Each structure stands twice: as C-alpha cells, then as structure tokens.
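Notes for the one structure printed next.
Numbering (our numbering), first residue to last: 32 to 220.
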C-alpha cells in the first residue's frame with residue numbers, strides 16, 4: 032500500500048465509511064486536532080518519568096485513536112450495509128474516564144493545594160504537558176463545535192474534557208517529581 036493516493040490533491044478527504052468532504056470540514060478539524068494531541072502525548076511519553084505515567088499515557092494514546100475514529104465517522108456511516116456497527120469494537124466507556132479521574136485523584140494526594148493559577152513551564156517535560164493540555168482543550172472545543180451541526184458521542188467530548196484535567200495535574204505532579212519550580216500567577220494589586 033502506498034502512502035500517497037493522490038485522492039486528496041483537490042482538497043478533499045474521505046471520512047470513515049468513504050464519504051468525501053473538504054479538508055477544512057469541521058469533522059476533519061476535530062479529529063485532526065485529536066491526532067495532533069496524540070502526537071504531543073507521544074512526546075511527553077518519550078521523556079524521562081515514572082513508568083506508571085508512561086503506561087497511562089500509552090492507554091490515553093490508544094483511547095485517542097478511538098476518539099479520532101468516533102469523530103471521523105459521520106452519523107450516516109455508523110451502521111454498515113450489513114447492519115453491523117462500523118465501530119462496534121471501538122468506543123469510549125465510563126471506565127476510561129474513571130481511569131483518568133482515579134489518576135488525577137492519586138496525583139493530587141501527593142501535591143500541595145493550589146492557591147493561584149500555575150504558569151506553564153519550569154521543566155521541558157512539564158511544558159510539553161501544558162502544550163498537550165492546550166491542544167486537548169482545542170480538540171474539545173472543536174468536537175463541541177462539530178456537535179452543534181452533527182451528532183457527536185457525548186462521552187468522547189467528556190473524555191477530552193477529563194483528559195485536559197489529567198494533563199494539567201500531570202504537569203503539576205511532574206513539576207513536583209522533577210523538583211522543578213512551579214510558578215503561580217499572582218494578579219497585580
């Protein structure tokens with residue numbers, strides 16, 4: 032199979048199920064940003080850190096492929112011609128969200144309470160987490176925007192929302208683990 036197909040040379044691409052849409056379609060923007068997020072998470076995973084975090088990040092990357100598949104499937108293509116669900120073996124389930132919540136809770140137990148907003152930075156790995164968090168928020172906004180015009184599984188949006196929380200707390204936890212300076216934003220008086 033060749034990497035290039037030339038089918039997108041005129042500015043269109045195929046969704047899951049074959050429907051062709053412009054490359055700037057809201058659905059493409061949405062799942063393309065999830066793909067971008069997945070790449071940023073790979074960059075975080077490539078850093079020196081506790082193996083447990085790496086294992087969770089691999090799980091997250093796997094779930095993001097699922098979120099991307101959900102977003103890449105238009106409603107009219109969710110059921111195949113044979114009557115089976117196109118994504119029957121894929122899906123985001125509540126336990127995926129619970130995993131993120133449990134990880135957030137465990138990390139927060141080891142952290143001092145926040146009293147102000149935290150400025151991104153302090154260590155390269157921490158900065159990568161903050162960049163991924165921002166891309167995650169953008170992917171969530173795009174999925175919500177898409178949902179205003181086409182059905183989007185609410186649980187996919189919920190997963191992205193919780194993931195951005197996880198990435199924020201992971202940034203704080205890694206700051207703590209790496210003895211990096213965590214600078215809190217204090218408004219001028």
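Virtual Cβ for every residue (Gly too), placed ideally from N, Cα, C.
Here the structure is a predicted model, which is why all the values come from computation and not from measurement.
- For residue 215, the three-state secondary structure derived from DSSP is strand.
- Within the same chain, and ignoring the five residues on either side of residue 190 in sequence, the residues whose Cβ sits closer than 7 Å to its Cβ are 94, 98, 123, 127, 128.
- Here DSSP, grouped into helix, strand and coil, assigns residue 146 to coil.
- Counting only the Cα atoms, residue 88 lies some 11 Å from residue 71.
- The shortest C-alpha to C-alpha distance from residue 100 to any of 61, 83, 113, 145 is the one to 61.
- In the same chain as residue 208, and ignoring 5 residues on each side of it, the C-beta atoms closer than 8 Å to its own belong to 80, 81, in chain order.
- In this structure, residue 194 places its C-beta atom within 9 Å of the C-beta atom of residue 91.
- Per DSSP, the continuous beta strand (DSSP E) segment holding residue 44 begins and ends at 43 to 45.
- Per DSSP, residue 64 is one residue of the alpha helix (DSSP H) stretching across 57 to 76.
- For residue 183, no alpha helix (DSSP H) encloses it, and the DSSP letter there is neither H nor E.
- Excluding its 5 nearest sequence neighbours in each direction, residue 216 has C-beta neighbours in its own chain below 8 Å: 147, 148, 149, 150, listed in chain order.
- Only residues of its own chain outside the window of five on either side were considered, and among them 95, 98, 99, 170 have a CB closer than 6 Å to the CB of residue 65, listed in chain order.
- The C-alpha of residue 143 lies about 48 Å from the C-alpha of residue 48.
- Excluding its 5 nearest sequence neighbours in each direction, residue 67 has C-beta neighbours in its own chain below 8 Å: 166, 170, listed in chain order.
- For residue 83, the enclosing alpha helix (DSSP H) starts and ends at 82 to 102.
- An exposed status is given to residue 155, since fewer than 16 other beta-carbon atoms sit within 10 Å of its beta-carbon.
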